[in-house]
Every structure is written in C-alpha cells, then in structure tokens.
Amino acid sequence: VLRYSLDSPVYSHSHTIMVLCRSDLHWKSITFIPSIAPSTIIHFRRYSSVDQRAQWVRINNKTNHKHVKKLQQTILVSSLPTSDSPQNQFSSLNTENVMNLKTMWNRLQELYGEVQYLSVNFWKGSDSKSAWIWTIGALVLAMVSTLYSVGLSFVQRMFWTALSTKDVTKFSKLLKIYLLAVIIGPIIITFYSWIKNRLSLLWRDRLTRSLLNGYMSDLNFYRLSSSNLVDNPDQRIAEDVNTFTKRAVTFLCTVSVAIFDLILFSVILYRIYPPLFGALLLYSVAGTAITVVFGQNLVRLNSQQLSIEANMRFALLRVRENSESIAFYRGDASEKIQVQSRFNSVVSNSLELIAFERNLGLFSSAYRYIVQVLPSVVIAPIYFRGDMHLGVISQTYFAFNHVLGDLGLIVEQFSALSEFSAGVKRLHDFRFTLEQQRKTTLAAETDHRIQSIRTQALTKDDEESSIALKIESLCVRTPGSVANSRSLVQDLSFSVTKGQKVLVVGESGRGKTSLCRAIAGLWNCGSGQITRPPIEECLFLAQRPYMMLGSLRDNVCYPNTTRVFSDRDILDALDRVNLPLLCDRLGGLDVIVENLGSVLSLGEQQRLAFARVLLNKPKFLILDESTSALDEPNQERMYE
Numbered sequence: 001v002l003r004y005s006l007d008s009p010v011y012s013h014s015h016t017i018m019v020l021c022r023s024d025l026h027w028k029s030i031t032f033i034p035s036i037a038p039s040t041i042i043h044f045r046r047y048s049s050v051d052q053r054a055q056w057v058r059i060n061n062k063t064n065h066k067h068v069k070k071l072q073q074t075i076l077v078s079s080l081p082t083s084d085s086p087q088n089q090f091s092s093l094n095t096e097n098v099m100n101l102k103t104m105w106n107r108l109q110e111l112y113g114e115v116q117y118l119s120v121n122f123w124k125g126s127d128s129k130s131a132w133i134w135t136i137g138a139l140v141l142a143m144v145s146t147l148y149s150v151g152l153s154f155v156q157r158m159f160w161t162a163l164s165t166k167d168v169t170k171f172s173k174l175l176k177i178y179l180l181a182v183i184i185g186p187i188i189i190t191f192y193s194w195i196k197n198r199l200s201l202l203w204r205d206r207l208t209r210s211l212l213n214g215y216m217s218d219l220n221f222y223r224l225s226s227s228n229l230v231d232n233p234d235q236r237i238a239e240d241v242n243t244f245t246k247r248a249v250t251f252l253c254t255v256s257v258a259i260f261d262l263i264l265f266s267v268i269l270y271r272i273y274p275p276l277f278g279a280l281l282l283y284s285v286a287g288t289a290i291t292v293v294f295g296q297n298l299v300r301l302n303s304q305q306l307s308i309e310a311n312m313r314f315a316l317l318r319v320r321e322n323s324e325s326i327a328f329y330r331g332d333a334s335e336k337i338q339v340q341s342r343f344n345s346v347v348s349n350s351l352e353l354i355a356f357e358r359n360l361g362l363f364s365s366a367y368r369y370i371v372q373v374l375p376s377v378v379i380a381p382i383y384f385r386g387d388m389h390l391g392v393i394s395q396t397y398f399a400f401n402h403v404l405g406d407l408g409l410i411v412e413q414f415s416a417l418s419e420f421s422a423g424v425k426r427l428h429d430f431r432f433t434l435e436q437q438r439k440t441t442l443a444a445e446t447d448h449r450i451q452s453i454r455t456q457a458l459t460k461d462d463e464e465s466s467i468a469l470k471i472e473s474l475c476v477r478t479p480g481s482v483a484n485s486r487s488l489v490q491d492l493s494f495s496v497t498k499g500q501k502v503l504v505v506g507e508s509g510r511g512k513t514s515l516c517r518a519i520a521g522l523w524n525c526g527s528g529q530i531t532r533p534p535i536e537e538c539l540f541l542a543q544r545p546y547m548m549l550g551s552l553r554d555n556v557c558y559p560n561t562t563r564v565f566s567d568r569d570i571l572d573a574l575d576r577v578n579l580p581l582l583c584d585r586l587g588g589l590d591v592i593v594e595n596l597g598s599v600l601s602l603g604e605q606q607r608l609a610f611a612r613v614l615l616n617k618p619k620f621l622i623l624d625e626s627t628s629a630l631d632e633p634n635q636e637r638m639y640e
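Per the UniProt record's numbering, the sequence shown starts with residue 1, numbered consecutively.
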C-alpha cells in the first residue's frame, strides 16, 4: 500500500520504495532500490475513487527525471508484465481487464470443482436413488414451468390480437383459456418451490451427516480445535451447509430453466424480428462482461464477512460459557472491548460490501430498465405501418424480457453468486481438511518412517505378564515444526502392572498433562511407543470434567450413553461419590438440563466424574488433578 505526495523525482539514492504486488490471489512484496536500478520508473494510473481497487502499475526503463504527481489516496497495485517498448506504455490498460476476466474464469472453474467435490457423494453414493428422483422431479417441473410461460405468451398474443381486432367470439374463448392458465400457473410454481426445498433438505441431511462423521471420528474435532486449521467448524456444519444446499439447488434449477427458456424464447423472438434478437444478444454479453470485471471483489468481501461474523459469534459464545469466571474477574469491560472490536470489523467489512453491492445494484438496475425501450424503438415503426398486430407486440415484449433475463443471469445473480462462492470455499476447505487429517492419521499408523508417537493395544503376552501400561523411549513435543516446537518429555520409559498406582509429579508446564494426552492418543507429536489397553477400556478424568447436553442419566453414564444402567445402579453411584440429593435437586434422572456445567459447582462436577468411573468400570484409569476442587474428606472418599 502506497501513499504519495511527491513533486520531486521519485528515484534518487535516498528513496527505497516497497510495492505490494498481487498475482492472482497471492500477495508478495517487491522492493525497488534506486541505487541498484536507477533507471526504473513506475507509472501509476490513478482512479478517482478509493473503492475502485484495481490499479495499474507498469515498469519501464526510462530516465530518472520522471515525476510522480500528487496522489492523495491509498491505492492497491496489481502486478503486470513489464515491457521495454515505449509504444506499449499504455497497452496494459486492457490487459488489466483481461487479467480480471482470467482470474474470474479461474475462480469459476475452482467453484465448479468445489461444488462437484461437495456433491459427488450425494448423486453417486449408495443412497443416490432418492437424490436422483428428487433432482429429476425438480428439473421436470422447471421445464414444465418454462413450457407454461411459452404457452402463456401465445395465449396473450392471441388474446391481445382478438382485443385489437374487436373479435368478441374469439376474445371470450381466449379469456376463459387465459383464466384457466392463471389458475394452473400458481399450482406449478408452488409444487416447483416445494420440490426444490425437499431436494435441498435431503442434500443438507446427507452432507451434514458426512461432515459430522468426519468431524467426530479419529478425534478430528480435537485436532482441528488444537491446531486452528479451520475456524468455526460449528458454523460451517450448522449454517454453511444449509446455505450451500439451498443456493446450489436454486442455481441448478435457475440455470436449467434459463437454458431451456433461452432456447424456446430465442426462437420466438428471432422469428418475430431477428435484428432485435441480435441487438439484445450483444447488449447482454457486454453487460455480463462488465459485471464480471467490476464485481469480482464481492467474492472476497463475502468470504471475509462469513469469517468475521463467525468470529464475533464465537466471542459472544465464549462470554456465555465462561460467564462466572468473567464475573469473578470483573472482566466485563475487557470482554466488551473484545466483542466490540470484532463487531467493528463486521461493520467495516459490511460498509465496504454494501458499497460494492450499491454500485453493482445501480448497474444491474440500469442494465435491466434502460434496455426496455429497445423493443418499442425497433417494433413501433413496423406496428404503425400495419405490418404487425398488437398481440405480436405483446408476445415480443414477453419473449424479449425472458431472453434478457436468461442472457443477463450473471448480472442479476452476481451478488448471490459471490455469496454462494464464499460459502462453498469454506465448506470445501473444511471437508478437504477432514480428509487430510484422516489420511495423515492413517499414514502415521501404517508408515513407520513417519516420526510420531505410536500407541498399540496390549498383546496376550503383556496381559499374561500383568502389564497394564508400557512406555518405551517416549519423547513428547509441542505441535509444530521441529524448529518451532519444544521438548516436554524426553526419552521416558517405564511400565505399570495391574493393580499398581503411579503418581506423576512435577512443576506446572513440565508436561504432565501432555503425557496424559499422549497415552490417550490425543497427541502424537514426538516419538516412542505406548502400549496400553484398548481405548474402550480406559477412562481419563480431567481437572474440569465435561458436562454434556442432556439429562443427569446421560451425564452419569457418559461416554457410554447407549449402555443401559438401572436407576438403582446410577443412584448408588451418586450416593458413593457424596451426591445423594442431586437427582431430586434436578427433578429426576431423565430431566433435560440445558447446561449442567453452570448448575453444578466444579467440586460437584468432579464427584460426578467419579460416578462415571463406578458405572463404566474401566480397566485403566488416568486422573489429571481430578480432585483439585474437593476437600480432603471428599478426596479420600473418591480414592477409596
């Protein structure tokens, strides 16, 4: 980003200029040092508005006496090929538009690939039959609605012709047909809308289940959260999928209708008056090209809007989940600043987005309404000569507007298409990251050349020798590259036999919890071998237990919520951990509690976690400061 207000020669030995150059979607910094290249001159093409972001820079070999006029605005610079020819100094003014079109074309190709990537399992999976039935139904009704429009145009044509010729008999007959068509039309449109909604819901159901399976398997939810590979996966699953499927179905049907509609009404319009069809075709192509060139920033802005809106919701969610801690700290002012800062980003990006949508809306409206005078100018002389009936003129207008809408589809839908593109990009990246995580996990398990912590189940020999846990040459590192990570545990080897209890002590931050993560298989950064019972036979109690959304029964039985425990077993477990009145206090075992973590104190949550141990009866148990909030009598009771 450059800001200039210079009247002296730009290039002298005392000036160093840094330019941010954009190549496609990637930014890089280029520094020009006059002492090394004193003959290099940068020519700027200035725009009158900061909103016109696309700028032009050209590097020519000229003498260093050129001047840069005062530029009182901040500009963004796009890199273009250089040339030594003075005759080509202004030739790249058109090159910029070509590059914008090329970038947009590349993005459209990427969008097609991303949509195909997200939809391949919907139409090609094992349950694809129902998807095809609903899709074909939607397309058939789309074609029927188009044929209805064509038929209605001919009815209107004959209706107005009969009216202009004062043919009462024909007019009365056509009036009945016209009324019947008006009744049939809403029925077709209603069922067309209904079948599109059913198709989008079916697609959402399949895609959501697929993403949930990937997100909730192989501990991907934990790895994505700890590594920050993607932001706000909850929003991508809950909101972006719904938006994607609705708009994808809408665009699929809209494009299908537009193609069929364009073919039929182009034939009608061409047969009525070919020059009018040719003029409309040129007008539509020009409007589409202008929209693509000047509207491409909407894709970037919509993508940013989705991200920063999600960040603001996340900040508010953090306040709700940690309300008690924030209240103890009296940190409401700091939290307000954090949320307000994120909201300021939302407002700032929204203002820029609204400005672009305003400009695009002005062009779209002008594009739509200015051309309406064209049929009158072209057809009126023919009508006044008596060579064309009023009904034909009515059909001409009808066909003209249909062809205009079909050819100008990109102009009319560009804003929605840019929002759709931004959402598709987020979903594609999310699903791709999930698949990469699965491949990485699989590779680490099967390819021993990859350095990582390996966990395996106890063998029969280990069980016969009473070994419950065996750790060999374990090295645990923080996530990241070797250069950026630090060692937490180095060359650790020990074993634990059945019935043995081991206490791990150390200063805070020395890796005690990291060792627990490695044993649980949550952390594989490092090297070494961990042999333990199958993960289903292990239970890990953290310092702050997890309270799930559900009833008291669900929380006590967690994680085996599908396993049936009797009411007596659950109540006995609660009594043994000194929570005998909890069931009555919450209204029963099966009463849904929205946020049990805010209802129970930390000490009560820790005791409830021990009730889980009593019910699930794991063979191997790891406690990570799981009694830190308990008094000594309760601690003794838990360990007993």
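Here a beta-carbon is modelled for each residue, glycine too, at the ideal position from N, C-alpha and C. These numbers come from a predicted model, not from an experiment.
{"Check": "Residues bridged to lysine 512 [DSSP beta-bridge criterion]", "Outcome": "For lysine 512, which the question treats as bridged, DSSP gives no partner whatsoever."}
{"Check": "Alpha-carbon to alpha-carbon, leucine 282 and leucine 407", "Outcome": "10 Å"}
{"Check": "Nearest neighbour of leucine 571, chosen from Val564, Cys583, Thr561, Thr562 [CA to CA]", "Outcome": "Cys583"}
{"Check": "Local conformation of glutamine 52 per DSSP, three classes", "Outcome": "Only weak support exists for where glutamine 52 lies, its pLDDT of 34 falling under 50; the value from the coordinates is given anyway. Coil at glutamine 52, not helix or strand."}
{"Check": "Outcome for lysine 470 when other beta-carbon atoms lying within 10 angstroms are tallied against a minimum of 16", "Outcome": "buried"}
{"Check": "Residue interval of the alpha helix (DSSP H) (run including lysine 176)", "Outcome": "168-215"}
{"Check": "Whole-angstrom C-beta distance between leucine 615 and valine 556, which should lie under 8 Å", "Outcome": "6 Å"}
{"Check": "Bridge partner(s) assigned by DSSP for glutamine 456", "Outcome": "Thr531"}
{"Check": "Proximal residues to isoleucine 195 (C-beta, below 8 Å), its chain only, five neighbours per side dropped", "Outcome": "Trp134, Gly137, Ala138, Leu141"}
{"Check": "Limits of the unbroken beta strand (DSSP E) element including glutamate 472", "Outcome": "467-477"}
{"Check": "At least 3 beta-carbon pairs within less than 8 Å: the stretch 583-595 vs the stretch 624-640", "Outcome": "no"}
{"Check": "Through-space distance from phenylalanine 494 to valine 476, alpha-carbon basis", "Outcome": "15 Å"}
{"Check": "Nearest-angstrom Cα separation, counted from asparagine 297 out to phenylalanine 32", "Outcome": "Unreliable placement is indicated for phenylalanine 32, whose pLDDT of 36 sits below 50; the coordinate value is still reported in the next sentence. Rounded to the nearest angstrom, the two C-alpha atoms are 28 Å apart."}
{"Check": "Distance CB(serine 601)-CB(serine 527) smaller than 9 Å", "Outcome": "no"}
{"Check": "Beta-carbon proximity check, lysine 619 vs glutamate 537, cutoff 9 Å", "Outcome": "yes"}
{"Check": "Own chain, CB closer than 8 Å to serine 227, minus 5 neighbours either side, in chain order", "Outcome": "Pro479"}
{"Check": "7 Å CB neighbourhood of glutamine 109 in its chain, flanking five on each side removed", "Outcome": "none"}
{"Check": "Proximity winner among Ser284, Arg532, Asp491, relative to leucine 374 (alpha-carbon distances)", "Outcome": "Ser284"}
{"Check": "Whole-Å CB distance - glutamine 395 paired with glutamine 156, under 8 Å assumed", "Outcome": "7 Å"}
{"Check": "Reference valine 182, options Thr161, Gly151, Arg486, closest by Cα", "Outcome": "Gly151"}
{"Check": "Rounded separation between valine 371 and serine 350 - CA only", "Outcome": "31 Å"}
{"Check": "Euclidean distance between Cα positions of lysine 460 and valine 496", "Outcome": "16 Å"}
{"Check": "Backbone secondary structure at leucine 623 - three-state DSSP", "Outcome": "strand"}
{"Check": "Supposed close pair valine 299, leucine 316 - CB separation, criterion 8 Å", "Outcome": "At roughly 27 Å, the Cβ-Cβ gap does not stay under 8 Å, so valine 299 and leucine 316 are not in contact."}
{"Check": "Nearest neighbour of glutamine 635, chosen from Arg612, Leu621, Gln606, Val613 [CA to CA]", "Outcome": "Gln606"}
{"Check": "Buried versus exposed, by CB contacts within 10 Å (16 or more), alanine 258", "Outcome": "buried"}
{"Check": "Coil, strand or helix - phenylalanine 565 by DSSP", "Outcome": "coil"}
{"Check": "CB of leucine 224 within 9 Å of CB of glutamine 437, strictly", "Outcome": "yes"}
{"Check": "Burial state of tryptophan 160, where buried means 16 or more other Cβ atoms lie within 10 Å", "Outcome": "buried"}
{"Check": "CB of isoleucine 519 within 9 Å of CB of glutamine 456, strictly", "Outcome": "no"}
{"Check": "Residues bridged to serine 495 (per DSSP)", "Outcome": "Lys470"}
{"Check": "Residues that DSSP places opposite leucine 541 in a beta bridge", "Outcome": "Leu623"}
{"Check": "4-residue-minimum alpha helix (DSSP H) runs that sit fully inside the stretch 347-401, ordered along the chain", "Outcome": "373-384"}
{"Check": "Residues near residue 652 in its chain [Cβ-Cβ closer than 6 Å; skip 5 each side]", "Outcome": "The displayed coordinates of the chain run from 1 to 640. Any statement about residue 652 would go beyond what the structure contains."}
{"Check": "Other residues of its chain near phenylalanine 398: CB distance less than 7 Å, five sequence neighbours each side excluded", "Outcome": "Ser153, Gln156"}
{"Check": "Sequence-distant residues of its chain with Cβ nearer than 6 Å to leucine 262 (five each side left out)", "Outcome": "Asp406"}
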